[in-house]
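See structure below.
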Amino acid sequence: MTTNTHSIAGTASGTRIAAGLFALVLGAFFVWGAGFAHSAALHDTAHDVRHAFGFPCH
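Be aware that the sequence shown starts at 39, since it is given in our numbering, and climbs by one per residue.
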């Protein structure tokens with residue numbers, strides 16, 4: 039009787055790291071990009087969201 043085992047940990051790990059890095063970059067863009075935007079509407083929206091999440095912004 040022969041038993042075959044296959045490991046997919048390398049593929050799953052790489053996918054998880056890529057997804058985590060993408061989420062980090064996207065989140066940083068939302069916090070810093072929208073927070074320092076010159077558009078008043080964009081800044082006010084980001085400001086309200088920061089307060090909703092409890093992020094100290096001032």
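All C-beta atoms, glycine included, are put in the ideal place defined by N, C-alpha and C.
Cut-off 6 Å between Cβ atoms - residues of its own chain near residue i, not counting five sequence neighbours on either side
i           : result
residue 132 : Since the first residue shown for the chain is 39 and the last is 96, residue 132 is missing from the structure and cannot be characterised.
Proximity below 8 Å, CB of residue i to CB of residue j
i          : j          : result
residue 84 : residue 73 : yes
residue 81 : residue 90 : no
Neighbourhood of residue i by C-beta distance below 7 Å, restricted to the same chain and skipping five residues each side
i          : result
residue 54 : none
Three-state secondary structure assigned by DSSP to residue i
i          : result
residue 77 : coil
residue 92 : coil
residue 41 : coil
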